[in-house]
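Worksheet for the structure shown next.
In our numbering, the protein residues as written are 2 to 275.
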């Protein structure tokens, strides 16, 4: 027996009429109903639901392009507030899944969007305060025994304890002591900065004496502005580890990191303990 309609139909009016007919027959337990029509109707519900979500997202985006306020959009959607309208738009966005690398729930989409917004705020603040960030990164990287201090930090010991407990539970040998990765990352960041500084000096000196036909290619290690900003942003997060380790002999570094993060406020990579 053939279906009452096909989900391939493009005429939504025709689909709606056929769908209503199937629902009406189902309401009255029509003995002539067949599996294909019922399953096709369910598929149409899902297809229409997806289409309505996509259309709603496009219409909200268009409304914002037309500078319609979130409050008016919320009223049109019968939502309680402008914040609810913004949240609804974030819930409808599927491009956020490309960032997270997974299929997200509506709540997770909101959290990813919020994390991206916070990340942009953090990035912007860091690039505007490069000098103190770089200075702190250089000072922290120069601390003697930095790797050992990191490996003996409460965070490292807690991670090891969890791993050891898991090994005992599963009957595996105890894992080796942890080696925290951030000191190596900080060292690489500082080295990249120093290489960039040397390359920049070389490039400027060369530019001052070269003729018009000489090679104008930048030397190796010279970072493009965007790459340099990313490096500073990485340092902004890495210097926060000074708050995790024993720096009783370098309390000035701890105090300066705390002061910088406090100054950054909401743009800080981590919340300071009160």
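Don't be surprised by glycine CBs; every beta carbon is placed ideally from N, CA and C.
In chain order, what residues of the same chain have a beta carbon less than 8 Å from the beta carbon of residue 144, not counting five sequence neighbours either side?
Cβ within range, chain order: 150, 248, 251 and 254.
Assign residue 266 to buried or exposed, taking buried as 16 or more other Cβ atoms, counted over all protein chains shown, within 10 Å of its Cβ.
Exposed, because fewer than 16 other Cβ atoms sit within 10 Å of the Cβ of residue 266.
If you count every other CB in all the chains shown that lies within 10 Å of the CB of residue 285, and 16 or more means buried, which is it?
Examination of residue 285 is not possible in this model, given that the chain is present from 2 through 275 alone.
With a cut-off of 8 Å, do at least 3 Cβ pairs link the stretch 186-196 to the stretch 127-139?
The answer is yes - the stretch 127-139 touches the stretch 186-196, with three or more Cβ pairs under 8 Å.
Give the secondary structure of residue 34 by DSSP, where H, G and I count as helix, E and B as strand, and everything else as coil.
When DSSP states are grouped into helix, strand and coil, residue 34 belongs to the coil group.
Can you find the residues in the same chain that come closer than 6 Å, C-beta to C-beta, to residue 90, ignoring five residues on each side of it along the sequence?
Answer for residue 90: 61, listed in chain order.
Among 245, 48 and 78, which residue has its Cα nearest to the Cα of residue 159?
Residue 245 is the option with its Cα nearest to residue 159.
In this structure, how does DSSP classify residue 29 when only helix, strand and coil are distinguished?
Here residue 29 sits in coil by DSSP.
I need the DSSP call for residue 234, collapsed to helix, strand or coil.
Secondary structure at residue 234: helix, using DSSP grouped into helix, strand and coil.
Proximal residues to residue 270 (C-beta, below 8 Å), its chain only, five neighbours per side dropped
Closer than 8 Å at the Cβ level, and outside the excluded window around residue 270, lie 123, 237, 238, 241 and 262.
Using the beta-carbon count (16 or more within 10 Å), is residue 23 buried or exposed?
Residue 23 should be labelled buried.
Selection from 197, 31 and 173 that minimises the alpha carbon distance to residue 230:
Its Cα nearest to that of residue 230, the residue 197 stands out among 197, 31 and 173.
When the distance is taken between beta carbons, is residue 58 closer than 7 Å to residue 71?
For residue 71 and residue 58, no; Cβs fall outside 7 Å.
On the criterion of 16 or more Cβ atoms from any shown chain inside 10 Å, does residue 69 qualify as buried, or is it exposed?
Sixteen is the threshold: since fewer than 16 other Cβ atoms of the shown chains lie within 10 Å of the Cβ of residue 69, the residue is exposed.
Determine, using beta carbons only, whether residue 272 and residue 258 come nearer to each other than 7 Å.
Not in contact: residue 272 and residue 258 (Cβ atoms no closer than 7 Å).
Just confirm the distance between the C-beta atoms of residue 152 and residue 180, as a whole number of angstroms; I'd bet it's less than 8 Å.
With a beta-carbon spacing of about 6 Å, residue 152 and residue 180 fall inside the 8 Å limit used to define contacts.
Residue 128 and residue 227: beta carbons closer than 7 Å?
Residue 128 places its beta carbon 7 Å or farther from that of residue 227.
Identity of the residue in 78, 66 and 224 nearest residue 194 by Cα
Distances from the alpha-carbon of residue 194 to those of 78, 66 and 224 put 224 closest.
Any C-beta of chain B sitting closer than 7 Å to the C-beta of residue 232?
Within the model displayed, chain B is absent; a lone protein chain is all it includes.
Are the beta-carbon atoms of residue 208 and residue 222 separated by less than 7 Å?
Contact check for residue 208 against residue 222 fails: the beta carbons are separated by 7 Å or more.
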